[in-house]
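Per mature numbering (1 follows the signal peptide of the UniProt record, and there is no 0): the sequence shown = residues -17 to -1, 1 to 176. Backbone N, C-alpha and C fix where the C-beta goes; we use that ideal spot for every residue, glycine too.
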Amino acid sequence: MHRLLALLVVVALLATAAVLVSSDDGGTTPAAAATGKRQVLVGKAKKLTGGVVSLSRYRGRVVLVVNTASQCVNTPQFGQLETLYNRKRGKGLLVLGFPSGDFGEQELTDAGDIAAFCKRNFGVSFPMFAKTHVTGARAHPFYKRLIREAGSPNWNFGKYLIDRKGHVVKRFDAYMSPSDPTIVKAIDRQLKR
């Protein structure tokens, strides 16, 4: 009987350790395990202007993640994203842009050209990251986590809303304007929490 009890204790400890270790690389945290939500703000990403940033630094903020492209019918959304960011960043909103050519190769290839285009045409001041894949087997690990939690972006300017704990709240269609009341209300709800 004592051996069985000892074995059960060891198994329980190993299971707990496995959950805690997996939470460091994007796994389910103990708190998230109860809700079924997984932490997505883990790992690192290359900034458009150079250098690498830990995505965990954005926990505690409400984050709108957008896969962007400079030569798409949705490109004017850059201006709407910048307006939204400027109106709500003081309340805790952060917009993160991830340029990608996954949909119709509609993104420039050079990081400097992407940065210049965004600044010159839309005054983009929110963080932008290096051009990356956002779909398929070659998707950035961050996007793989987003997809696992909320599904794939359907085109350039697909949007994911992440709460202050780093969990995906909702994915929004690429063709939905950042100023759409549905998106704004969802962001406002998260900012109040």
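Here's the rule I'm using: 16 or more other beta-carbon atoms within 10 Å means buried, otherwise exposed. How should G43 be labelled? Counting Cβ neighbours within 10 Å, G43 comes out exposed, since fewer than 16 surround it.
Reduced DSSP category for Q22 - H, G, I as helix; E, B as strand; rest coil: Note: Q22 maps to strand in three-state DSSP.
Is the closest heavy atom of the ligand ATP to the C-beta of K27 under 7 Å? As for the ligand ATP, it is missing from this structure, which has no ligand bound.
Nonlocal neighbours in the same chain, by C-beta distance under 6 Å from L67, ignoring five residues either side: Sequence-distant Cβ neighbours of L67 in its own chain, meaning closer than 6 Å and more than five residues away, are P161.
Specify, as a first and last residue, the run of the beta strand (DSSP E) that K114 falls within. Careful: K114 lies outside any beta strand (DSSP E) and carries neither H nor E.
Leaving out five residues before and five after H150 in sequence, what residues of the same chain have Cβ atoms less than 6 Å from its Cβ? The beta carbon of H150 is closer than 6 Å to those of K20 in its chain, skipping five residues each way along the sequence.
Check whether the Cβ atoms of M159 and I170 sit closer than 8 Å, and answer yes or no. The Cβ-Cβ distance between M159 and I170 does not fall below 8 Å.
Where does G141 land, buried or exposed, given buried means 16+ other C-beta within 10 angstroms? Burial call: buried.
For N137, which residues in the same chain have their Cβ closer than 7 Å to its Cβ, ignoring the five residues on either side in sequence? Correct list, in chain order: D156, A157.
Residue range of the unbroken alpha helix (DSSP H) whose run includes F100: Per DSSP, F100 belongs to the alpha helix (DSSP H) from 94 to 105.
How many angstroms separate the CA atom of L174 from the CA atom of A94? About 32 Å.
Are the beta-carbon atoms of P82 and I97 separated by less than 8 Å? Yes.
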